[in-house]
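Step one of this worksheet: look at the structure below.
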Amino acid sequence: MRRPVQVVLLALTGIGLLHAALFTDLYLRYVKEGLRPLLIVSGVTLLLLALAGATLAREHARHTSHAHGHDHTGAPRVAWLLYLPALSLLLYAPPALGAYTAARSNDKAVREQKGFDPLPATSPLPMTLTDFTTRVQQDHELAIMGRTVRMTGFVSPAGRGGGWYLTRIIFTCCAADSQTVKVRMYGTEVPPANTWLAVTGTWHHKGRLGTRAAEAALDVRSSEHIPPPVNAYTDDLPLTPS
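Structural data, given as structure tokens:
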């Protein structure tokens with residue numbers, strides 16, 4: 000790979016990063032929203048390196064032509080494979096992580112919480128999957144008992160036993176360290192995998208509420224299709240129905 004080709008590779012990668020971070024939301028499939036400025040800086044840096052490399056290549060070509068020499072600079076042929084991820088940033092949007100990933104990842108560890116604020120009287124009560132799981136398994140006041148809650152996520156099949164989960168994939172930093180939080184759904188047929196739903200229901204009585212033995216599960220009263228959120232890798236509160 001000659002120096003001019005290396006310059007093109009740097010430029011393509013820089014343009015791809017800037018395209019994903021500045022003009023689309025595709026970067027959210029790779030990293031958390033807060034890392035967007037770093038992607039922009041990285042893209043600009045790569046373009047500056049490409050510019051510097053082009054200048055050096057031009058100077059090198061001028062000197063070698065005067066000396067009637069030959070340019071033997073290059074890189075291993077395998078370096079051509081670097082073009083694939085560079086071009087993918089511009090030409091191909093990777094599919095969002097979904098049910099396939101959720102079935103093969105570890106569930107998100109629910110952190111120990113020592114105290115809970117009183118739940119608002121709103122019904123249905125909007126909750127994240129993480130908050131619901133924490134209340135079910137750690138709230139000794141049993142505040143979730145009998146409450147109608149509303150949560151959003153995508154459908155992931157429960158496996159051999161049948162059934163399904165309402166699921167969220169959460170980025171700690173980027174796709175490589177994603178974790179999964181799931182709430183088991185009861186009382187309905189299994190919707191198509193990766194369908195985004197807003198689900199309303201009450202805690203499904205299984206295990207002792209307020210202990211780790213309690214299952215994070217819901218008896219579904221109603222569900223409705225919703226569009227996937229722009230940032231799908233967070234565990235956000237559902238929007239209040241208008």
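Under numbering that gives the first Met the number 0, think of the first position of the sequence shown as 0, with each following residue one higher.
Cβ coordinates follow ideal geometry from the N, Cα and C atoms, glycine included.
Tyr-99 is positioned such that its CB atom lies no closer than 8 Å to that of Ser-177. Take Val-189, set aside five residues on each side of it, and the residues of its chain with a beta-carbon closer than 6 Å to its own are Trp-163, in chain order. Assignment of Leu-217 by DSSP, reduced to helix, strand and coil, places it in the strand class. Annotation: Leu-96 is outside any beta strand (DSSP E) and is labelled neither H nor E by DSSP.
Of all alpha-carbon atoms in Gln-136, Met-126, Leu-86, Ser-104, the one lying nearest the alpha-carbon of Leu-208 is that of Gln-136.
Excluding residues up to 5 positions away in sequence, Arg-149, Leu-236, Pro-237, Thr-239 lie with their Cβ nearer than 7 Å to the Cβ of Pro-125 in the same chain. Of the other Cβ atoms in all chains shown, fewer than 16 fall within 10 Å of the Cβ of Gly-186; this residue is therefore exposed.
About 14 Å separates the Cβ atoms of Phe-153 and Thr-127, ruling out a contact at the 8 Å cut-off. Gly-33 has its alpha-carbon roughly 15 Å from the corresponding atom of Thr-23. For Arg-220 against Gly-200, the beta-carbon gap comes to about 5 Å, under 8 Å, which counts as contact.
Scanning the region 183-215 from its first residue to its last, the whole beta strand (DSSP E) runs of 3-plus residues come out as 195-202. Non-local C-beta neighbours of Ser-222 in its own chain, meaning closer than 8 Å and more than five positions away in sequence, comprise Thr-187, Pro-190, Leu-196, Ala-197, Val-198, Thr-199, ordered along the chain. If you check the CB distance, Ala-101 and Lys-181 come in under 8 Å. If only complete runs of 4 or more residues are kept, the region 132-156 shows no alpha helix (DSSP H) anywhere. Val-6 and Gly-52 have their alpha carbons spaced roughly 6 Å apart. Taking every protein chain shown into account, the CB of Thr-151 has 16 or more other CB atoms within 10 angstroms, so this residue is buried. Put simply, the backbone Cα of Gly-15 is about 43 Å away from that of Pro-123.
For the options Pro-227, Gly-42, Ala-10, the alpha carbon positioned closest to that of Arg-167 is the one of Pro-227. By the beta-carbon neighbour count (other beta carbons within 10 angstroms, threshold 16), Asp-234 is buried. Taking Asp-218 as the centre and dropping the five residues before and after it, the same chain places the C-beta of Tyr-185, Gly-186, Gly-200, Thr-201, His-203 closer than 7 Å to its C-beta, in chain order. One Cα belongs to Asn-230, the other to Thr-210, and the distance between them is close to 32 Å. When the beta-carbon positions are compared, Thr-12 and Leu-45 come within less than 8 Å of each other.
Annotation for Tyr-164: the continuous beta strand (DSSP E) segment containing it runs 163-169.
With respect to Ala-49, Leu-89 sits apart: the two C-beta atoms are not nearer than 8 Å.
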